[in-house]
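Enquirer: This is the structure I have questions about; it appears just below.
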Amino acid sequence: MVIPTGMYVNYSKWIEKEIDGAKNYSKPMLGVNPWGRERISSVVKNVADTTVGWNSRSVVRGIWDLYWR
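Here our numbering is used: position 43 in the sequence shown is 43, and no number is missing along the way.
Structure follows, in structure tokens:
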């Protein structure tokens, strides 16, 4: 599951439900830091298996790293 790490995640009920669903099915979670963000949501920080930057190369690499774990 790919989750943006912006602070708006703290206020989204849908993202909380998606995180719970991913946990129930033991799916890995990838946090993605939007450009220029200095603060990371504690919700995502606590559940993400890996966190990457906001560009295609790092996101693809993060997904492959989670896949091969």
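Glycine included, every Cβ here is placed at the ideal spot set by N, Cα and C.
Since the structure is predicted, the reported quantities are computational estimates derived from the model, not experimental observations.
For Trp54, which residues in the same chain have their Cβ closer than 7 Å to its Cβ, ignoring the five residues on either side in sequence?
Expert: Cβ within range, chain order: Val32, Asn33, Pro34, Trp35.
Enquirer: What alpha helix (DSSP H) runs, 4 residues minimum, are completely inside the stretch 22-59?
Expert: Qualifying alpha helix (DSSP H) stretches, in chain order: 42-47.
Enquirer: Given a cut-off of 9 Å on the beta-carbon distance, is the pair Val44 and Val9 in contact?
Expert: Going by C-beta atoms, Val44 is nearer than 9 Å to Val9.
Enquirer: Considering only residues of the same chain and omitting the five flanking positions on each side of Thr74, which have a CB-CB separation below 8 Å?
Expert: Lying outside 1 to 69, the shown extent of the chain, residue 74 is not represented and no answer is given.
Enquirer: For Ile15, which beta-bridge partners are listed by DSSP?
Expert: According to DSSP, which records beta bridges pairwise, Ile15 is partnered with nothing at all.
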